[in-house]
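Engineer:
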Ligand code: DAH
């Protein structure tokens with residue numbers, strides 16, 4: 106094989122080479138152990154001694170040329186590959202970006218968080234109780250014995266029970282008052298936000314809604330403390346001066362009991378659709394804990410007294426965020442929820 110032939114072969118091979126792997130194969134074909142240039146070197150032995158140096162020199166020159174051409178082919182190939190990659194990865198910087206949507210808290214969560222923040226700052230602990238409750242905690246221990254008409258008033262969802270206690274979906278968070286009295290020591294300040302259930306569904310009622318219950322047991326807790334606490338709470342929650350009034354009412358677990366109205370936070374008492382033109386909004390129930398509730402829990406009623414209150418979180422959220430329809434809260438309409446981000 107002569108030098109010119111080998112170089113022509115090399116040029117043809119390099120001209121069609123499109124990858125670094127193929128280039129390695131070409132290198133092996135020419136310079137590898139069995140490559141054609143290497144073969145030439147092996148054939149040197151067949152030449153007479155005096156011809157070998159010159160022939161050897163020529164082969165080395167050939168090898169040098171092969172190496173140079175391979176190098177420049179490699180450079181060209183690498184540049185081409187980079188250009189290809191750039192071409193492939195081009196991005197259109199004028200396209201609009203994909204935005205990351207951030208979620209928002211549900212108004213009930215916002216209202217709950219605000220209430221919890223107020224009461225924890227006032228020294229209350231937060232307690233949770235089971236949503237599937239027994240009738241002892243939901244009724245009996247709250248001074249609502251079996252066959253008491255208040256049980257019927259509650260539109261209770263009963264649950265099939267594998268035990269010999271009646272199970273139900275708690276109708277109010279007052280059941281957690283009993284669990285607090287059972288597990289904590291007095292003096293005690295606790296709030297219990299959570300879901301409650303009643304078999305009731307219309308414009309202003311959903312079968313599941315949210316309540317926040319408060320319970321304070323101490324040696325000196327009075328009705329005046331209760332009223333002061335509720336006023337401070339409302340002013341904090343609605344971010345404005347509030348006026349409240351307490352009307353006598355009846356709850357089996359408190360005596361005396363009261364219902365609390367707040368001067369309409371939307372019209373400031375002038376009268377509007379939300380307060381049904383009365384100027385007042387009925388927002389919660391409260392009272393001094395009934396002695397029989399304390400006695401059932403084994404608390405010395407000569408030394409301790411207490412007060413409790415229960416409110417509907419959903420109703421507070423509707424007032425604070427001016428949500429016109431309760432059912433919007435649970436429709437999961439993203440357009441509604443976005444307004445709270
Ligand atoms: N549990 C009552 C209800 O769901 C609300 C309530 C009234 C809670 C008076 C209380 C209370 O703690 O003292 O209608």
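In the working numbering, the protein residues as written are 106 to 446.
All C-beta atoms in this analysis are idealised placements derived from N, C-alpha and C, irrespective of residue type, glycine included.
Relative to the C-alpha of residue 220, which candidate in 167, 293, 269 and 318 has its C-alpha closest?
Structural biologist: 318
Engineer: Below 8 Å, can you find three or more Cβ-Cβ pairs linking the region 303–310 to the region 329–340?
Structural biologist: Counting Cβ pairs under 8 Å, fewer than three are found: no touch.
Engineer: Are the region 216–233 and the region 249–269 touching by the rule of at least three beta carbon pairs closer than 8 Å?
Structural biologist: With the cut-off at 8 Å, the region 216–233 and the region 249–269 do not touch.
Engineer: Flag this pair as yes or no: are the beta carbons of residue 294 and residue 232 separated by less than 8 Å?
Structural biologist: no
Engineer: According to DSSP, is residue 413 helix, strand or coil?
Structural biologist: Note: residue 413 maps to strand in three-state DSSP.
Engineer: Report the residue from 255, 408, 380 and 414 whose alpha carbon sits nearest the alpha carbon of residue 390.
Structural biologist: 414
Engineer: Could you name the residues of the same chain whose beta carbon sits closer than 8 Å to that of residue 116, not counting the 5 residues immediately before and after it, in chain order?
Structural biologist: 174
Engineer: Out of 338, 239, 367 and 337, point me to the one whose CA is closest to residue 351's CA.
Structural biologist: 367
Engineer: Our contact map puts residue 286 next to residue 237 with C-beta atoms below 8 Å; I'd like the distance itself, whole angstroms only.
Structural biologist: With a beta-carbon spacing of about 20 Å, residue 286 and residue 237 fall beyond the 8 Å limit used to define contacts.
Engineer: Look at residue 428 and residue 216 and say whether their C-beta atoms are less than 8 Å apart.
Structural biologist: no
Engineer: Say whether the region 422–440 touches the region 392–406, bearing in mind that this needs 3 or more beta-carbon pairs closer than 8 Å, one atom from each stretch.
Structural biologist: no
Engineer: Check whether the Cβ atoms of residue 145 and residue 164 lie closer than 8 Å to each other.
Structural biologist: yes
Engineer: Is it buried or exposed for residue 393, if we count other Cβ within 10 angstroms and need 16 for buried?
Structural biologist: buried
Engineer: Mind checking if residue 401 is an interface residue toward chain B, Cβ cutoff 8 Å exclusive?
Structural biologist: Any reference to chain B falls outside this structure, which holds one protein chain only.
Engineer: CB-CB under 6 Å to residue 118, same chain, minus the five flanking residues each way: which ones, in chain order?
Structural biologist: Only 131 meet the Cβ criterion.
Engineer: Rounded C-beta distance between residue 412 and residue 321? I'm assuming under 8 Å.
Structural biologist: 6 Å
Engineer: Would you tell me roughly how many angstroms separate the C-alpha atoms of residue 296 and residue 441, rounded to the nearest one?
Structural biologist: 29 Å
Engineer: According to DSSP, simplified to helix, strand and coil, what is residue 319?
Structural biologist: Strand.
Engineer: With respect to the alpha helix (DSSP H) encompassing residue 190, which residues constitute its N-terminal and C-terminal limits?
Structural biologist: 157–193
Engineer: Thinking C-alpha only, which one of 243, 325 and 339 is nearest residue 408?
Structural biologist: 325
Engineer: By the 10 Å Cβ neighbour count, where 16 or more other Cβ atoms means buried, how is residue 240 classified, buried or exposed?
Structural biologist: Buried, since its Cβ has 16 or more Cβ neighbours within 10 Å.
Engineer: Can you look up residue 213 in the DSSP assignment and give me helix, strand or coil?
Structural biologist: helix
Engineer: For residue 344 and residue 248, what's the separation of their Cα atoms in angstroms?
Structural biologist: 36 Å
Engineer: Using a threshold of 7 Å, is the CB atom of residue 277 nearer than that to any non-hydrogen atom of ligand 1?
Structural biologist: True, at least one ligand heavy atom lies under 7 Å from that Cβ.
Engineer: Quick one: Cα of residue 361 to Cα of residue 354, how far?
Structural biologist: 8 Å
Engineer: How many angstroms separate the CA atom of residue 156 from the CA atom of residue 150?
Structural biologist: 10 Å
Engineer: May I ask you to check if the CB of residue 413 is nearer than 7 Å to at least one heavy atom of ligand 2?
Structural biologist: In terms of ligand content, the structure shown lacks ligand 2 and carries ligand 1 instead.
Engineer: With a Cβ-Cβ cutoff of 8 Å, do residue 112 and residue 198 count as a contact?
Structural biologist: Their beta carbons are not under 8 Å apart, which means residue 112 does not touch residue 198 by this criterion.
Engineer: In terms of DSSP beta bridges, what is residue 300 paired with?
Structural biologist: 315
Engineer: Please name the residue, chosen from 124, 257, 311 and 127, that lies closest to residue 431 on a Cα-to-Cα basis.
Structural biologist: 311
Engineer: Quick one: what's got a C-beta closer than 7 Å to residue 313's C-beta in the same chain, skipping five residues either side?
Structural biologist: 300 and 302
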